[in-house]
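Student: Just so you know, we're using the numbering used here here: the sequence shown kicks off at 5 and counts up by one.
For glycine and all other residues, C-beta sits at the position ideal for the given N, C-alpha and C.
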Amino acid sequence: MDDEYKGNLIPKGSTVFANTWNPDTFNPERCLKDGEIDPKTLDPIPNFGFGRRFDMRRSLFAMDSLSVTIASTLFCFDITKAKHAEGRNIEPDIRWDPGFTRHIVPFKCCITPRSDEAAKLIRDSEFT
Numbered sequence: 005m006d007d008e009y010k011g012n013l014i015p016k017g018s019t020v021f022a023n024t025w026n027p028d029t030f031n032p033e034r035c036l037k038d039g040e041i042d043p044k045t046l047d048p049i050p051n052f053g054f055g056r057r058f059d060m061r062r063s064l065f066a067m068d069s070l071s072v073t074i075a076s077t078l079f080c081f082d083i084t085k086a087k088h089a090e091g092r093n094i095e096p097d098i099r100w101d102p103g104f105t106r107h108i109v110p111f112k113c114c115i116t117p118r119s120d121e122a123a124k125l126i127r128d129s130e131f132t
């Protein structure tokens with residue numbers, strides 16, 4: 005079925021993409037309206053849909069799960085720069101993958117348990 009948005013015809017079967025201007029630019033003003041925070045502006049997480057297709061339950065569950073995973077990882081591990089054979093730090097090349105669901109391009113780092121207790125916690129939580 006055809007649709008219409010602000011007087012524009014969208015034929016049935018059309019693919020519609022969100023128009024995100026300068027997504028790589030840090031621009032907090034994009035969430036302001038007349039210089040003030042607009043409480044109607046939701047955190048833009050396109051992975052969970054837009055408009056009436058936005059799934060708040062999925063978003064909240066996913067973000068809560070992600071927060072617990074990050075907190076658990078940082079609790080148990082030290083994450084530091086990788087080192088060359090001579091012992092010098094390897095500076096990570098932080099770049100974004102330009103896809104729709106964005107992520108940082110993999111880079112080398114060193115991940116070690118923070119303590120013997122953390123290592124035991126990690127071993128005890130492994131799937132058997």
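In angstroms, rounded to a whole number, what distance separates the CA positions of Ile94 and Phe111?
Tutor: 10 Å
Student: For Asp120, which of helix, strand or coil comes out of DSSP?
Tutor: helix
Student: Answer yes if the stretch 103 to 122 comes into contact with the stretch 76 to 89, meaning at least three C-beta pairs across the two stretches below 8 Å, and no otherwise.
Tutor: The stretch 76 to 89 vs the stretch 103 to 122: in contact.
Student: If the criterion is Cβ atoms closer than 8 Å, does the pair Pro102 and Cys113 meet it?
Tutor: no
Student: Looking at the strands, I want to know which residues DSSP matches up with Cys113.
Tutor: Lys85
Student: May I ask which residues mark the beginning and end of the beta strand (DSSP E) holding Asp7?
Tutor: 7 to 9
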